[in-house]
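Residue numbers (this note's numbering): 569 to 932.
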C-alpha cells in the first residue's frame, strides 16, 4: 500500500464508492411489522388484560365514546388506560359509536350538518386534551341509502382530525361483493350496504375490516371467522384499497350453539354464498368468554378443521346437541401469517378479556 501511486489509490477509492452506492440502492428495504391493534372496553377483565400485555400492543382502541343523534359525544377513556398507554408508548385511538348502535340515531345524525359539525368539534377537543394518536369511527347499523352521506362524513373527519394532528380510522363490515343480491335483505339495507369501500379507503388512514361473526347466534352453527371467508373478504377489500390501509379483524371470542337432541347438525361449505338468519331458529347461540370457554373446552374439546383453520366441537347428547366453533391461538397464528404475507397494515382484535391466553405466544 505504501508504494501505490496517487492515481491508483484514486481509482481504487472511486470503484469502492460506486460499489457501496450501488449496494445501498439495491438493498431491499425492511418490511414493516404489521401493527397489533387491540380493542378493549371499560370492563375490569378487558382493562386487566390491557395492562398485563401492554408490551405486545401497538394501538389501543377503547370502545368508550358514544354519539347521540344531535352529534353530542359522551363517555371517556378510563384514566388507567391513558396512563398505561403513556407508560408503554402505545398509540391511543378511542372508538366512537352511535348510541345503542341505533339505526335511527345514525340516520338522524347523517341528515344534520349541525350534528356532524358538533360531533367533529367535540372529538377534536377531546383528542387534543387527551393527546390521542387518532380516533376510529365504529358506526354500525346505518341505512344503505346513506352511503354517500357516510362517505362524506368520513372525508370531513379526515380533514378535521389531520388538522388537529390525529389519525382517522373507520371500521367496515366485511363483504365479498357489492351486489345486494349476495346478502339477505336486512343484511344489505341495514348492515353492510352503507360502506363504500373505495371512498372510505381514500378517507381513512386505515380501515378495520371486521372479519368476525361470519356465523352468529342468528344463523346456523359455523365458524366465527373461517379462513376461506377471511380470504374472500380480503380479496374484495384489496380490489378497492391498498393493502397498507387494511387492518384485518381477529376474533378473540368463540360461539356456542345448543339445540334439541334430535337437531340435525348442518355441514358448513368453505364459503357460503349467502348468510341468512334463521327464523325461527332451532339453535340457541351464545358468545363465549375466556373463563366460560376454559371450563367448556375440558368437557367438549374441539378437533381441528383444516378447511376452516379453526377448532370445532360437535356433540350429540341424550338431552341436547351442542356445536362450538372456537377462536384459538392456532387460528390466530394462521391469520398473522396471512397478514404478513399480504403486507397488510395489521390486525384488529375484538376484544381483550375474551381471548385464548395462548394468543400472546403468537403475537410478537
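Built from N, CA and C at the ideal position, the CB exists for glycine as well.
Asked: Distance, Cα to Cα, residue 795 vs residue 921?; Found: 23 Å
Asked: Kindly indicate which three-state DSSP category residue 712 falls into: helix, strand or coil?; Found: helix
Asked: Return the CA-CA distance between residue 914 and residue 750, expressed in angstroms with no decimal places.; Found: 28 Å
Asked: Start and end of the beta strand (DSSP E) containing residue 675?; Found: Run containing residue 675: none in the beta strand (DSSP E); it sits in the alpha helix (DSSP H), 671-678.
Asked: Where does residue 932 land, buried or exposed, given buried means 16+ other C-beta within 10 angstroms?; Found: exposed
Asked: Closest to residue 625 by C-alpha separation, out of 602, 635 and 791, would be which residue?; Found: 602
Asked: I want to know whether the segment 778-795 touches the segment 835-848 - three or more CB-CB distances under 8 Å.; Found: yes
Asked: With a CB to CB cut of under 8 Å and the five nearest residues on each side skipped, what residues in its chain are close to residue 648?; Found: 615 and 619
Asked: Where does residue 682 land, buried or exposed, given buried means 16+ other C-beta within 10 angstroms?; Found: exposed
Asked: Tell me which residues share the same chain as residue 836 and place their Cβ nearer than 6 Å to its Cβ, disregarding the 5 neighbours each side in the sequence.; Found: 790
Asked: Can the beta-carbon of residue 744 be found closer than 8 Å to that of residue 800?; Found: yes
Asked: On the criterion of 16 or more Cβ atoms from any shown chain inside 10 Å, does residue 905 qualify as buried, or is it exposed?; Found: exposed
Asked: For residue 677 and residue 637, which I take to be in contact (beta-carbon distance under 8 Å), what is that distance rounded to the nearest angstrom?; Found: 5 Å
Asked: From the DSSP output, read off the bridge partner residues of residue 740.; Found: 777
Asked: Under 8 Å: do the segment 758-770 and the segment 716-728 share three or more Cβ pairs, one atom per stretch?; Found: yes
Asked: Suppose you measure from the CA of residue 770 to the CA of residue 776; what does that come to, to the nearest Å?; Found: 13 Å
Asked: Could you give the C-beta distance for residue 844 and residue 752, rounded to a whole number, given that I count them as a contact under 8 Å?; Found: 5 Å
Asked: Compute the Euclidean distance between the alpha carbons of residue 848 and residue 831, then round it to the nearest angstrom.; Found: 13 Å
Asked: Using 10 angstroms around the beta-carbon of residue 747, count the other beta-carbons present and answer buried if the total reaches 16, otherwise exposed.; Found: exposed
Asked: Going by other Cβ atoms of all chains shown within 10 Å of its Cβ, with 16 needed for buried, is residue 592 buried or exposed?; Found: Because the pLDDT of residue 592 is 41, which lies under 50, any placement of that residue in the model is unreliable, and the question is left without a value.
Asked: Would you call residue 655 buried or exposed, if buried means 16 or more other Cβ atoms sit within 10 Å of its Cβ?; Found: exposed
Asked: Quick one: Cα of residue 850 to Cα of residue 793, how far?; Found: 22 Å
Asked: Give, in chain order, every unbroken run of the alpha helix (DSSP H) that is at least 4 residues long and sits entirely within the segment 608-651.; Found: 612-620
Asked: Quick check on the DSSP output: what are the complete beta strand (DSSP E) runs of length 3 or more inside the segment 866-924, in order along the chain?; Found: 871-873, 878-884, 888-894 and 914-918
Asked: The alpha helix (DSSP H) that contains residue 798, what's its start and end?; Found: 795-806
Asked: In the structure shown, what three-state DSSP assignment does residue 575 receive?; Found: Confidence in residue 575 is poor, its pLDDT being 46 and thus under 50, which makes the residue's placement too unreliable to answer from.
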